[in-house]
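First to last, the sequence lines map onto chains A and B.
If you count the first sequence from 1, position 296 lands on 296 in UniProt numbering, and the numbers rise without skipping.
If you count the second sequence from 1, position 71 lands on 71 in UniProt numbering, and the numbers rise without skipping.
Okay, structure first, notes after.
2 protein chains.
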Amino acid sequence: MESAIDKHLKCPRTLSRRVPDQYQPPFPMWVARAGEELRQVVMAYLGVQYQGEAQKAAALAALQHIVASFALTDGPLNHDLTHHTDNSGYDNLIVVGYWKDPAAYCRWLRSSEVDGWWSAEARLHEGLGYFREVVAPRAEQFETLYAFREDLPGVGAVMDSTSGEIEEHGYWGSMRDRFPASQTDWMEPDDELRILSGDPAKGGRVIVGGHDNIALIRSGQDWAEAGPEERSLYLDEILPTLEAGMDFLRDNGAPLGCYSNRFVRNIDLQGNLLDTSYNIGHWRSVEKLERWAESHPTHLRIFVTFFRVAAGLQKLRLYHEVSVSDGRQQLFEYINCHAQTGMLRDAKPAPQACPAQANAS
Amino acid sequence: MESAIDKHLKCPRTLSRRVPDQYQPPFPMWVARAGEELRQVVMAYLGVQYQGEAQKAAALAALQHIVASFALTDGPLNHDLTHHTDNSGYDNLIVVGYWKDPAAYCRWLRSSEVDGWWSAEARLHEGLGYFREVVAPRAEQFETLYAFREDLPGVGAVMDSTSGEIEEHGYWGSMRDRFPASQTDWMEPDDELRILSGDPAKGGRVIVGGHDNIALIRSGQDWAEAGPEERSLYLDEILPTLEAGMDFLRDNGAPLGCYSNRFVRNIDLQGNLLDTSYNIGHWRSVEKLERWAESHPTHLRIFVTFFRVAAGLQKLRLYHEVSVSDGRQQLFEYINCHAQTGMLRDAKPAPQACPAQANAS
């Protein structure tokens, strides 16, 4: 048994773990490991928004274009593709790319091919929406959790290995306890989402400013290799409750501090559905995520089911990764997306410059 | 809003609270308050064990005798009576008495009337079982929580007043956070239950030795004044799940660290049922209680229901009190009780004196 917090990320605690040292988890779980040289990762969710079958081919072509750009120098080390329909009735294709070198990501983003495409006037007139939601958590700002040990998805795929059985899981608060940052930091938000430029109601280009410690959770399911029993466990028992919980957050998340919630299904490059899915949740803070997860009937039911079956899982793969990030390590940009997309819904207009300040400048 | 930990019990923390300072509970709850002069309380659960209607009158007379002894000098300041049938098929009458002066309790216990009755040879030959389970937590070793503010039951009745709305509730871990001791102490067990004298299998007199930080929870329900809607909420919605959870703990608690669990119904001195009840749970530690409460389907369902209705409760009174105590501030004594009673079930034989030690002494 070992701590979820890797040795080189340990530091003298000013905040205590939630459980005593004697705590024993009720079943085994694992986390992703990387060497000390991994200082910061980049998680870039790049989206194409469209409406219905008529636009599907164009949207898919746009997604394929983005994926092709990953083959450029400094592209991401891992990526996967998803589709979901949002509660405004729009379809969305997202590719998420993972980097373990923020400088490489920066060079890629600023390359003439990538920046040229994003900045081109043509993007405004294709009848499609585009978005980029990117966070770059440092090594102490994210945690992972897997009920399996091979072929880690998501950020795990750009890391080096899998841990031994870890201590910090199976209790409420263990997510926080797996963050190296939690040893000394409450990871609290310092501001609200702000519209930095543009107007979501008018479409066009909009930039949203984030804030410190926005929490991003990717919580995934992979039933591709599951036998009949585990397929049924997932599809008949877990999925209906999971969908109810994720729909609840999508539709009612704002007052709870959930900025955006997308339950997405993996697809291949041609748009065919795969037997993997995940939820992408953006939260005002880890604390808001904790409060919901610990109290909402749907999540408690999922938790109970997981507790019951976790020790016996064979091929059904369940996992999550959760990060926080500094506000200045976030990028939320939208082109012609509807006003409920991503961070747009809860972003407040930037405070107007006060005339006295304007005069002073 | 104020902390559940009273001002005079605050100390510099070495262990952190589970939630950030900004945490806001989702509905109001209150705790009992007492002045600095309250240093330690005594909670004495005094029981009579019998089988079936034939013995009921004798058992009730024994209970009445104990209650009458409360009127002696230094008797408890508050008490209430209960009945429950245990899973060995025995009936049990318990009166719990509360003192706020441990010296008074000691004088009462050692008085010739009380000690004489308990120690009398006659107790062994009445065909009834008797037990005394007493703990004496210091002010920093117990916490309370009420969804109401008037006429506090249990330990609250021997305290002075009710707090304002408190901060530490509505999240897993808040029970621990309400213990003043939790500011600096994990409240961990230091040993196991041990048979100190006698043999539970043979009956007769048996004394069990406790250990530091046994957790005792009294978790109560009072629907006496509830209107039709709240009676139905309690009896039809909460009670079935509550009973399932409490039965589970009674029958399957041992591997979870639950030494004893009794869901008891209040009665009057004649044995008539009242519309109040509570659960009496003894646990190896607060941590074991936390683990069960946070993960068992029945408790999660009760929690979800409580969250839903808490803000609107009118006359249905729900509350709990939880304590830990030092091993030497505990008394577990049994006379002719069956071997599954109270602490008897999980108590291990005392380690046999090693011959070398015996020689050395």
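Beta carbons are placed, not taken as given, at the ideal position from N, Cα and C, and that holds for glycine.
Helix, strand or coil for B/Ala57 per DSSP?
-> helix
Excluding the five sequence neighbours on either side, which residues of its own chain have a C-beta within less than 6 angstroms of the C-beta of B/Gly47, listed in chain order?
-> Asn92, Ile94 and Phe131
For A/Ala134, name the three-state secondary structure that DSSP assigns.
-> Looking at the sequence itself, residue 134 of chain A is Val, so the reference to Ala does not match. Strand at A/Val134.
Compare the C-beta of B/Pro153 against all C-beta atoms of chain A and say whether one is closer than 9 angstroms.
-> no
Can you find a C-beta in chain B that's less than 9 angstroms from the C-beta of A/Trp172?
-> yes
Can you round the beta-carbon distance between A/Ser16 and B/Leu15 to whole angstroms, since I take them to be within the 8 angstroms contact cut?
-> 4 angstroms
Once you ignore the five residues that flank B/Arg284 on each side, which residues in its own chain have a CB closer than 6 angstroms to its CB?
-> Pro189 and Gly257
Host alpha helix (DSSP H) of B/Arg265 (start-end) = Per DSSP, B/Arg265 belongs to no alpha helix (DSSP H); it is in the beta strand (DSSP E), Cys258 to Ile267.
Environment of A/Ala54 [buried if 16+ CB atoms lie within 10 Å] = exposed
Members of the segment 179-213 of chain A near chain B, C-beta cut-off 7 angstroms | Trp186 and Glu188
A/Phe303: which of A/His125, A/Thr241 and A/Gln22 sits nearest, CA to CA?
-> A/Thr241
Would you kindly report the start and end of the unbroken beta strand (DSSP E) that includes A/Val322?
-> Arg317 to Ser325
Name the residue from A/Gln40, A/Ile207 and A/Leu249 whose alpha carbon lies nearest to the alpha carbon of A/Pro137.
-> A/Gln40
Please report the residue range of the alpha helix (DSSP H) in which B/Glu230 lies.
-> Pro228 to Ser232
Looking at B/Arg205 and B/Tyr334, is the spacing between their C-beta atoms short of 9 angstroms?
-> yes
So, is the C-beta of A/Gln64 closer than 9 angstroms to a C-beta in chain B?
-> no
Can A/Arg178 and A/Ala4 be called in contact, C-beta distance under 9 angstroms?
-> yes
Of all the CB atoms in chain B, is at least one closer than 9 angstroms to the CB of A/Gln357?
-> Any reading at A/Gln357 must be qualified, since the residue scores a pLDDT of 49, below 50, and its modelled position is unreliable; the value itself is stated next. No, A/Gln357 does not count as interfacial toward chain B.
Does DSSP classify B/Leu344 as helix, strand or coil?
-> helix
Minimum C-alpha distance to A/Glu321 - residue among A/Gly342, A/Ile280 and A/Glu290 | A/Ile280
So what does DSSP say about B/Val208, is it helix, strand or coil?
-> strand
Helix, strand or coil for B/Gln330, going by three-state DSSP, please let me know.
-> strand
Tell me whether A/His169 sits in a helix, a strand or coil according to DSSP, three-state version.
-> coil
Should the segment 142-155 of chain B be called in touch with the segment 48-67 of chain B, which here means at least 3 C-beta pairs below 8 angstroms?
-> no
State the CB to CB distance for the pair B/Gly116 and B/Gln49, rounded to an integer number of angstroms; the pair is presumed to be in contact (CB under 8 angstroms).
-> At roughly 21 angstroms, the Cβ-Cβ gap does not stay under 8 angstroms, so B/Gly116 and B/Gln49 are not in contact.
Would you tell me roughly how many angstroms separate the C-alpha atoms of B/Arg149 and B/Leu316, rounded to the nearest one?
-> 12 angstroms
Is it true that the CB of A/Ser325 sits closer than 9 angstroms to the CB of A/Asp185?
-> no
C-alpha gap between B/His296 and A/Tyr90, whole angstroms | 39 angstroms
If you measure from the beta carbon of B/Ala360 to each beta carbon in chain A, is any gap under 9 angstroms?
-> Since pLDDT at B/Ala360 reaches only 41, below the 50 mark, its modelled position is unreliable, and the value read off the structure follows with that caveat. Answer no: the Cβ-Cβ gap between B/Ala360 and chain A never drops below 9 angstroms.
For A/Phe142, the first and last residue of its enclosing beta strand (DSSP E) | Phe142 to Tyr146
Mapping DSSP to helix, strand and coil, what is A/Gln49?
-> strand
Check the Cβ-Cβ distances between B/Val95 and every residue of chain A, and say whether any is below 9 angstroms.
-> no
A/Thr73: buried (16+ other C-beta within 10 angstroms of its C-beta) or exposed?
-> exposed
Given that B/Gln22 touches chain A, what residues does it touch there, using C-beta distances under 8 angstroms?
-> Glu188 and Glu287
8 angstroms CB neighbourhood of A/Gly198 in its chain, flanking five on each side removed | Gly204, Arg205, Val206, Ile207 and Tyr334
How is the beta strand (DSSP E) around B/Asp91 delimited, first residue to last?
-> Asp91 to Trp99
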